[in-house]
Amino acid sequence: MKYRQRPRGLSRVDRSGDPDEQLPPSGQARVLGVDPSRITQYGKNPPPEWPDPVRVEKLPTRTREYRTRAQLWAWVDNPISGFGTTGGRPSGPDPKIRAAKEKAPDMRVRLAAEALASEPGRNAGEVAEARAARHGQSVDTWKRLVTRARKLDQP
65 MKYRQRPRGL
75 SRVDRSGDPD
85 EQLPPSGQAR
95 VLGVDPSRIT
105 QYGKNPPPEW
115 PDPVRVEKLP
125 TRTREYRTRA
135 QLWAWVDNPI
145 SGFGTTGGRP
155 SGPDPKIRAA
165 KEKAPDMRVR
175 LAAEALASEP
185 GRNAGEVAEA
195 RAARHGQSVD
205 TWKRLVTRAR
215 KLDQP
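Put into C-alpha cells, the structure is as follows:
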C-alpha cells in the first residue's frame with residue numbers, strides 16, 4: 065500500500081496531557097504542532113479519517129468543533145491520515161517541464177558557442193554583452209548561456 069511507504073515526521077506532536085480533554089481548534093493545532101488555520105481548513109476540507117467532533121459550540125459567526133487529545137493522537141498514528149508527510153506539489157518548477165526543457169537544445173547556447181569559437185580572445189562577459197545587444201534579453205541571461213556553452217565545449 066502506498067501510504068505506508070511515505071516517511072512521516074511526527075516529532076512535533078505533543079503527546080502530553082489528559083487524553084479525554086476536549087480541545088478547541090487552537091488547542092488541537094497546538095497538540096498537532098500545526099498552524100491553527102489548518103484545523104479550520106480541515107472543517108471545510110477534511111483529510112482522510114479526520115475524527116468527528118465530540119462537541120460543537122455554535123458561535124454568532126461560526127461553529128467551534130472540539131476534539132479530544134485521544135482522538136487526535138489516534139488520527140496521527142493512523143498511516144491513512146497522511147499526517148506528517150510532505151504532501152502537495154513539490155516546490156520549484158514542474159519537474160516534467162524542467163526535464164523537457166533540458167532535453168530540448170537551446171538555440172541561444174549554440175549561438176553563444178559559435179560566438180566563443182569565432183572570437184577566442186574575448187572573455188565570457190564581453191561575448192555575453194555582444195549577444196545581448198545583438199539578440200536581445202539581458203546580459204545576465206547571456207552570461208548564463210555562455211557559461212553553459214563553455215561547459216558543453218569542455219570534455
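The numbering used here puts the sequence shown at residues 65 to 219. Ideal Cβ placement from N, Cα and C applies to all residues, glycine included. Computed from a prediction, not measured in an experiment: that's the story for all the values here.
- Using a 10 angstroms sphere on the CB of residue 105, the tally of other CB atoms stays under 16, which defines it as exposed.
- Beta bridge pairing from DSSP links residue 120 with 129.
- The way I'd put it, the segment 120-140 does touch the segment 80-91; three or more beta-carbon pairs between them come closer than 8 Å.
- A straight line joining the alpha-carbon of residue 183 with that of residue 190 spans about 10 Å.
- Annotated as distal: residue 192 and residue 173, with beta-carbon spacing of 7 Å or more.
- A straight line joining the alpha-carbon of residue 161 with that of residue 110 spans about 31 Å.
- Within the model, the alpha-carbon separation for residue 201 versus residue 195 is close to 9 Å.
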